[in-house]
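J.:
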Amino acid sequence: MRSIFARLDDKSGQIGVFRGPEGLAVAQIRASAAASKPTLAYCEFESDQDSDTLPKLARRLPNRKLPATTVLPSDAYHLLLVEAPQVPDDELLGAVRWRIKDLIDYHIDDAVIDVFQMPSQSRGGPDQMMYAVVAKASDVRSEVTAAEAAGLNLDAIEIIELSLRNIAARLEEDARGVAFLYLAESSGVLLLVRQGVLYLTRHIETGVDVLRQADGLRSELVAGLALETRRSLDYFESHYEQQAIPVLHTAGLDPTDQDQMARELGISVRNVDLAALVESATDLDEHAQRRCLPAIGAALRQDTVKL
48 MRSIFARLDD KSGQIGVFRG PEGLAVAQIR ASAAASKPTL AYCEFESDQD
98 SDTLPKLARR LPNRKLPATT VLPSDAYHLL LVEAPQVPDD ELLGAVRWRI
148 KDLIDYHIDD AVIDVFQMPS QSRGGPDQMM YAVVAKASDV RSEVTAAEAA
198 GLNLDAIEII ELSLRNIAAR LEEDARGVAF LYLAESSGVL LLVRQGVLYL
248 TRHIETGVDV LRQADGLRSE LVAGLALETR RSLDYFESHY EQQAIPVLHT
298 AGLDPTDQDQ MARELGISVR NVDLAALVES ATDLDEHAQR RCLPAIGAAL
348 RQDTVKL
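Note that the numbering used here gives residue 274 to position 227 of the sequence shown, counting from 1, and the numbers run on in steps of one.
1) Just to check, is the beta-carbon of Y178 closer than 7 Å to a non-hydrogen atom of the ligand ZN?
2) What are the partner residues of R317, as DSSP defines its beta bridges?
3) Hey, quick one: how far does the alpha helix (DSSP H) through T303 stretch, first residue to last?
4) Can you name the start and end residues of the alpha helix (DSSP H) that D281 belongs to?
5) Give the single residue among I151, P102 and Q164 whose Cα lies nearest to the Cα of K183.
6) From E275, R265 and G254, pick the residue whose C-alpha is nearest to that of L239; which is it?
7) Quick check on DSSP: helix, strand or coil for P114?
8) How close, in whole Å, do the beta carbons of P68 and R77 come, if the pair is a contact with beta carbons under 8 Å?
9) Under the rule that 16 or more other beta-carbon atoms within 10 Å means buried, what is G344, buried or exposed?
10) Who pairs with T86 in a beta bridge, going by DSSP?
11) Using three-state DSSP, classify R212 as helix, strand or coil.
12) Which residue from G243, L218, E232 and L104 puts its Cα closest to that of D256?
13) Should the stretch 318 to 325 be regarded as contacting the stretch 193 to 209, the criterion being three or more beta carbon pairs within less than 8 Å?
14) On the CB-based measure, 16 or more other CB atoms within 10 Å of its CB, does D97 come out buried or exposed?
15) Using alpha carbons as the reference points, say which of D306, L247, L258 and Q260 lies closest to L23.
16) To test your reading of the DSSP string, which unbroken alpha helix (DSSP H) runs of 4 or more residues are found completely within the stretch 179 to 213?
17) Around the Cβ of Q164, are there at least 16 other Cβ atoms within 10 angstroms (buried) or fewer (exposed)?
18) Where does D332 fall in DSSP's three states?
19) Please list the terminal residues of the continuous beta strand (DSSP E) segment that includes T248.
20) Within its chain, find whatever has a CB closer than 6 Å to the CB of S210; leave out the 5 residues flanking it on each side and keep chain order.
21) Return the chain-ordered list of same chain residues with a C-beta closer than 6 Å to the C-beta of P102, the five sequence neighbours on each side being excluded.
22) Could you work out which residue in H296, Q289, H250 and C90 is closest to R217 when comparing CA atoms only?
23) If contacts are defined as beta-carbon pairs under 8 Å, then E93 and L113 qualify, I think. What distance do you get, rounded to the angstrom?
24) Compare the C-alpha of A194 against each of T303, V64, D174 and E326 and name the closest.
25) Report the rounded CA-to-CA distance for I2 versus S121, giving the unit in angstroms.
26) Under 8 Å between the Cβ atoms of L140 and V162?
27) If we call anything under 8 Å between Cβ atoms a contact, is I155 one with R144?
28) Would you say A322 lies against chain B (beta-carbon separation less than 8 Å)?
29) Check whether the Cβ atoms of G224 and Q133 sit closer than 8 Å, and answer yes or no.
30) For Y124, which residues from the same chain have a beta carbon less than 7 Å from its beta carbon, with the 5 sequence-adjacent residues on both sides left out?
31) Out of P293, D330, V325 and L268, point me to the one whose CA is closest to I314's CA.
32) Using the beta-carbon count (16 or more within 10 Å), is N110 buried or exposed?
Below you can see the structure in the form of structure tokens.
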């Protein structure tokens with residue numbers, strides 16, 4: 048198959064697909080050199096995930112022949128932080144494959160691997176690190192088969208951290224640095240992005256359903272989210288010698304949670320404003336927007352690391 052993180056050449060528009068624990072989301076972005084923002088031409092979420100759901104949504108797309116990117120579910124891959132091997136580029140994947148073979152619970156010959164670099168730290172220190180994305184080849188083939196069966200022109204497969212990076216990179220604060228906390232149904236992800244570069248990502252064990260069912264423990268769980276966020280912000284500032292990030296963007300927190308996070312972090316906390324990123328031809332409420340963000344981020348993908 049084509050490189051997982053291949054560059055897209057057709058800039059007239061893209062399709063994003065995300066099959067998550069809550070359902071299936073499909074989005075189409077239409078780009079125009081004359082417009083200040085791209086247009087979200089189509090976005091739909093279906094909780095039903097039978098074999099006909101993706102073909103049904105694909106038939107509703109304004110143009111399903113545009114390049115499509117599908118986002119792997121978070122339980123379908125490992126994102127591993129590894130020391131970058133000091134080898135020529137054409138030997139990099141082989142060297143990484145050898146390093147991570149004992150870190151996964153299936154045979155390395157059954158794995159598809161991609162890598163992307165982390166920024167160099169300012170103070171020297173340990174060797175350069177990189178992220179390795181590892182997925183079962185059978186899971187990747189399943190995504191390819193599903194896209195082809197729906198009549199989509201699959202161009203790349205991405206992970207949720209990078210699709211959400213595409214959202215963060217379009218926020219106004221990206222020049223200085225963006226903190227983005229995204230909560231799915233049972234878990235979440237925290238990203239720190241600056242000038243389109245992913246500096247740090249953390250898996251979050253708390254999701255919207257966990258908060259909803261927490262009753263009297265909800266405030267304690269939100270305090271835990273604030274602590275994890277503060278540690279990550281401090282690491283970003285000290286490890287990379289960056290300015291403090293003044294705003295945390297969120298998806299999945301209610302106003303009370305946001306107020307508590309703001310008090311504990313001492314920074315502004317607010318929802319990601321999709322209207323600031325795209326012109327929308329479709330109305331999305333807050334819940335639909337959260338569920339669709341990974342698909343929208345995939346459709347916004349411009350330039351990612353090549354395999």
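Think of the CB as a built atom: it goes at the ideal place given N, C-alpha and C, for glycine as much as any other residue.
T.: Let me spell this out:
1) Only the bare structure without any ligand can be found here, which leaves the ligand ZN out of the picture.
2) DSSP, once it has assigned bridges, lists H296 as partnering R317.
3) Following the DSSP letters along the chain, one finds T303 inside the alpha helix (DSSP H) bounded by residues P302 to L312.
4) Per DSSP, D281 is one residue of the alpha helix (DSSP H) stretching across R265 to H286.
5) Of the candidates I151, P102 and Q164, the one whose C-alpha sits nearest the C-alpha of K183 is I151.
6) Looking at the Cα atoms, E275 is the closest of the given residues.
7) For P114, the three-state secondary structure derived from DSSP is strand.
8) Rounded, the Cβ-Cβ distance is 29 Å, inconsistent with contact.
9) When all chains shown are included, G344 counts as buried.
10) Per DSSP, the beta-bridge partners of T86 are R77 and E326.
11) If DSSP states are grouped into helix, strand and coil, R212 belongs with the helices.
12) Of G243, L218, E232 and L104, the smallest CA-CA separation from D256 is found for E232.
13) A contact is defined here as three or more CB-CB pairs under 8 Å, and the stretch 318 to 325 fails this definition with respect to the stretch 193 to 209.
14) Result: exposed.
15) The requested residue 23 does not occur in the structure, where the chain is confined to residues 48 to 354.
16) Runs of the alpha helix (DSSP H) inside the stretch 179 to 213: 184 to 196.
17) Exposed, because fewer than 16 other Cβ atoms sit within 10 Å of the Cβ of Q164.
18) Secondary structure of D332 (DSSP, three-state): coil.
19) Note, T248: beta strand (DSSP E), V244 to I251.
20) In its chain, beyond the 5 residues on either side, V118, P341, G344 and A345 have a beta carbon closer than 6 Å to the beta carbon of S210.
21) Excluding residues within five positions, the ones whose Cβ falls inside 6 Å are A197.
22) For the residues H296, Q289, H250 and C90, the minimum Cα distance to R217 belongs to H296.
23) Not confirmed; about 20 Å, so no contact.
24) Nearest of T303, V64, D174 and E326 to A194, Cα basis: V64.
25) The question about residue 2 has no answer here: the residues shown for the chain are numbered 48 through 354.
26) Their beta carbons are under 8 Å apart, which means L140 touches V162 by this criterion.
27) With respect to the 8 Å criterion, I155 and R144 are classified as neighbours on the basis of their beta carbons.
28) Chain labels in this structure do not include chain B; a single protein chain is all it has.
29) Not closer than 8 Å, so no.
30) Hits under 7 Å: V180, V181, A182 and I206.
31) Nearest of P293, D330, V325 and L268 to I314, Cα basis: P293.
32) With fewer than 16 other Cβ atoms within 10 Å, it is exposed.
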